[in-house]
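2 protein chains.
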Amino acid sequence: MSPEEFREHAHRTVDWMADYLATVGELPVLTRVKPGDLTRKVPSSGPERGEPMDAILTDFERLIPPAITHWNHPRFLAYFAITGSPPGILGEMLAATLNVNGMLWKSSPAVTELEAVTLSWLRQWIGLPEEFFGVIYDTASISTMHAIAAARHMAQPESRTAGLRANLTVYCSEQAHSSIDKAVLTLGMGLDNLRKIPSDSRFSMDPAALERAIGDDKAAGLQPCCAVATVGTTALAAIDPLPAIADIAERHGLWLHIDAAYGGTAAISESHQNVLDGAGRAHSLVINPHKWMLTPVDLSAFYTRRPDTLRAAFSLIPEYLRTEDEPGVVNLMDYGVQLGRRFRALKLWFVMRYYGREGLAAIIERHCRDAAEFASWIEADPRFEVSAPVLFSLVCFRHRAGDAANRRILDGINASGLAFLSHTVLDGQLVLRAAIGNAATTIEDLRRVWDKIRELA
Amino acid sequence: MSPEEFREHAHRTVDWMADYLATVGELPVLTRVKPGDLTRKVPSSGPERGEPMDAILTDFERLIPPAITHWNHPRFLAYFAITGSPPGILGEMLAATLNVNGMLWKSSPAVTELEAVTLSWLRQWIGLPEEFFGVIYDTASISTMHAIAAARHMAQPESRTAGLRANLTVYCSEQAHSSIDKAVLTLGMGLDNLRKIPSDSRFSMDPAALERAIGDDKAAGLQPCCAVATVGTTALAAIDPLPAIADIAERHGLWLHIDAAYGGTAAISESHQNVLDGAGRAHSLVINPHKWMLTPVDLSAFYTRRPDTLRAAFSLIPEYLRTEDEPGVVNLMDYGVQLGRRFRALKLWFVMRYYGREGLAAIIERHCRDAAEFASWIEADPRFEVSAPVLFSLVCFRHRAGDAANRRILDGINASGLAFLSHTVLDGQLVLRAAIGNAATTIEDLRRVWDKIRELA
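Sequence order for the protein chains is A and B.
Quick note on the working numbering: the first sequence kicks off at 1 and runs consecutively.
Quick note on the working numbering: the second sequence kicks off at 1001 and runs consecutively.
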């Protein structure tokens, strides 16, 4: 395809993209296709001869949107709602065209340097100290895996060459995300060595229980190596008490990792800056701009005060071979598993500049205000109850009549196409979640959702 | 930014993209900036107030291209050259706009189903048996990590919960990629338990040496668990003898993983179909469409005959909770570390359809023909020698006068801006690499590079 043919197809594609962004709110949020529907509509073998791009784009327009659950929809309220914002999309367009791999500084300096620049900006916006070194991974799962790998290396550096020996134990709240489980099993540490610490009435980790668990493990001859605290847990958006956990981690020599993948973004706003109080004492922290910061997936920002440990855990190049680089050059391939590195910082640069700190803070604050208002409607209806404190923009609630009623509401609203909500289980009971996180979501959208819920109740 | 404002900025961006694709061949391939040059040109803190998108795009156009090493340049011949092809770029534009996360089938069925469809097409094109299940990861490093994790699980399923105990050993050629080292250390198996098997005069793994190493380890009480064979090694594009290695792996009960990240793509062409002979006996295989298959980074295709083992190693959801899904639904989050999943299959679908099997095969064959011709020019010049068999589209060569001469040529050509070549070290000597892999590269481009090399010699 010549550049001129590309120009023509890309202009057509842009018009589709702009039309989609303008009209996505009219589509059913949750897909209505059945398993296999799309598969049955496409050939079971690839074409021997090439096909015209116009025909391919027409097929895209015809076949793909019905098989999409529209994450970029203003009434997508499931999981944590996200936004593929227009400036972020422009960044991805350019990154795909440049198609660079930033594994080394010289393999495209803009990747390494813009990654450092944007993560330094973000670090300042969320109030982390300057000593935190930033690196972009694809997902929070991978960020957290690197955090726990660095913790493992700090506790048992010889494991890099000899393999794991002693039982290293890891601690997180019972409310923590499954990515911690996945990291522990991937790293060979064994799920039996992951302690799920009880949480209190606000679903925050109980520090006394953490300290007891560490003490018990030490007494049993195990080697505690890492505590993970969460700011904005997946199910309920609870916050673990960072200062108390940091005290314990310091006392026992544990690596402290903070999973702020969702909640950390709120610290950009003055009104929520305190959610990261104490985070500066952590060894590492993950925050996902692709969650609440208008950046298209994927982009997970990882910070660590111990880049030397992270690099010691993962770098394969002995120091004495490093002389070819000029001083101060960072080669990001040394800080993790992945060699390939997309130019992800570009979209983040666009988003941070287009919205500015104030603009992002205003969206975050609006989301939190709207969540509070949504919660007030629930509280005003005696049939319903709010199930957890609304600390961010997530509202967890339930119909008091029990699981069957809540299941009916959930299935009803999702089948209606009006909105997509997800659920969690709390104390054995079904709880509905309304996660506000799309930049286009308005209070009117939420009003329509609440009206529909009451209609179904 | 409203959809209409986006439309305007995106049309401007598309024109820049088309112009870039039309003119990238006139830019210096290797960046000329010095460390810190870009960083010094941007503010050290992010903007408090948002900025106009036009100003941001103007900054992009002014600041970023000089700090780019142009991987999409026809004379980028370093590492393995790649192509961000126009159809692939269109796919990325749409994927960024939809901004879905395909962690579950229902969270966007098109992601899961198009991933299965395109990987089935590719499986057929490279001649793998139908029993191979495909899943897309971001990079070959992550694909290989999952392969070795599955091998670990097959050998020691209790390690998932109890943690690693016995020493599990892994085998690869001394020519194999560092991603195997990274996987072994990440998985907690210890680099001391990775055996680098000697290669023969064609840089292929010596099967007899592999068998001896396995025997020695068994005799020493270790537990051999995985052999990795490579089709198209990183330094020299050598091929390990798959049938002989498969025999040994079967005899000793090892998981056999094939790293065909680069070379596997050649099997799309009839002329190179045999490079994957024996691959159907492997437990897993990785092939990277983002390398030689015109697909923008990132997209690594992973195949395994043992999806049950992969899932047993990584899934966190007990079977009895799986009843909500309809039969036959695959949730790709169960097959790996990452929960987040971009809609990567879309660009692959576009590329496979636009070029067709014949179109891709024609490009692969042209690259291989051009590499052979480039090698013939080298052989015709008594000052130079070809350093390794040219099995694909990579030519490794050196000036006979020694390292200083080769270093001068390498630095000279890279500094000239005409082309970017990388190097490797073979038997202690510097060897230059010309990797042909960009769809726009012509024989005239290579002629210009060779003329420059001779001029520098």
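Built from N, CA and C at the ideal position, the CB exists for glycine as well.
Quantities reported herein were computed from a predicted structural model and do not represent experimental measurements.
Any Cβ of chain B closer than 9 Å to the Cβ of arginine 398/A would place that residue at the interface, and such an atom is absent.
When only Cα atoms are considered, valine 1425/B and aspartate 277/A end up about 50 Å apart. Flagged as an interface residue toward chain B: glutamine 338/A, by a C-beta distance shorter than 9 Å. Val337, Gln338, Leu339, Gly340, Arg342, Phe350, Met352, Arg353, Tyr354, Tyr355 and Gly356: these are the residues of the stretch 337-356 of chain A whose beta carbon lies less than 7 Å from some beta carbon of chain B, given in chain order. Chain-order list of chain A residues neighbouring methionine 1189/B: Gly163, Leu164 and Gly188, by C-beta distance under 9 Å.
Among the CB atoms of chain B, one or more fall inside 9 Å of the CB of tryptophan 16/A.
Per DSSP, the continuous beta strand (DSSP E) segment holding phenylalanine 1384/B begins and ends at 1384-1386. Using a 10 angstroms sphere on the CB of leucine 1391/B, the tally of other CB atoms reaches 16 or more, which defines it as buried.
The three-state secondary structure of histidine 1399/B, taken from DSSP, is strand. At a cut-off of 9 Å between beta-carbon atoms, histidine 272/A makes no contact with chain B. By the C-beta density criterion, glutamine 1429/B is exposed, having fewer than 16 other C-beta atoms within 10 angstroms. Per the DSSP secondary-structure output, tyrosine 1303/B pairs in a beta bridge with Gly1134/B and Leu1285/B. If you check each beta-carbon in the stretch 1036-1061 of chain B against every beta-carbon of chain A, the ones closer than 9 Å belong to Gly1036, Asp1037, Leu1038, Thr1039, Val1042, Pro1043, Ser1044, Ser1045, Gly1046, Pro1047, Glu1048, Arg1049, Gly1050, Glu1051, Pro1052, Met1053, Ala1055, Ile1056, Leu1057, Asp1059 and Phe1060. Interface residue (Cβ-Cβ distance to chain B less than 9 Å): asparagine 406/A is not classified as such.
Taking one beta carbon from each stretch, the stretch 1291-1307 of chain B and the stretch 1357-1369 of chain B have 3 or more pairs nearer than 8 Å; the two touch. Residue pairing for tyrosine 171/A: DSSP places it in a beta bridge opposite Arg195/A and Ala227/A. In this structure the stretch 245-263 of chain A touches the stretch 208-215 of chain A; the number of beta carbon pairs closer than 8 Å is three or more. Short of 7 Å from the beta carbon of serine 1315/B, and not among the five residues preceding or following it, lie these beta carbons of its own chain, in chain order: Asp1334.
Inter-residue distance for arginine 1344/B and tyrosine 1303/B is about 16 Å (C-alpha atoms, whole angstroms).
The alpha-carbon of proline 1047/B is positioned some 48 Å away from that of alanine 1404/B. About 20 Å separates the beta carbon of phenylalanine 1384/B from that of arginine 1369/B, a gap too long to meet the 8 Å contact definition. Look at glutamine 1429/B here: in three-state DSSP terms it is strand. By the neighbour-count criterion, in which a residue is buried when 16 or more other Cβ atoms sit within 10 angstroms of its Cβ, serine 1178/B is exposed.
In this structure cysteine 1225/B does not touch arginine 1165/B by the C-beta definition: roughly 13 Å separates them, more than the 8 Å allowed.
In this structure, the straight-line span from the alpha carbon of valine 100/A to that of glycine 1025/B is close to 15 Å.
At a cut-off of 9 Å, the C-beta of tryptophan 1121/B has a neighbouring C-beta in chain A. When Cβ pairs closer than 8 Å are counted between the two stretches, the stretch 224-239 of chain A is seen to touch the stretch 143-152 of chain A, the count reaching three or more.
Isoleucine 1258/B: member of the beta strand (DSSP E) spanning 1255-1259, first to last residue. Serine 1422/B is bridged by DSSP to Arg1433/B. A direct Cα-Cα distance of roughly 11 Å separates isoleucine 1317/B from aspartate 181/A. Take leucine 1057/B, set aside five residues on each side of it, and no residue of its chain has a beta-carbon closer than 6 Å to its own. Contact annotation: in the stretch 90-111 of chain A, residues whose CB is within less than 7 Å of a CB in chain B are Leu90, Glu92, Met93, Leu94, Ala96, Thr97, Leu98, Asn99, Val100, Asn101, Trp105, Lys106, Ser107, Ser108, Pro109 and Ala110.
For lysine 1347/B and leucine 1021/B, the gap between their C-alpha atoms comes out near 18 Å. With respect to the C-alpha of threonine 1230/B, the residue from Thr1118/B, Pro1043/B, Arg1012/B and Cys1172/B having the closest C-alpha is Cys1172/B. By the rule that beta-carbons nearer than 9 Å mark a contact, lysine 1182/B touches chain A.
Straight across, the Cα-Cα distance linking alanine 375/A with arginine 454/A is about 14 Å.
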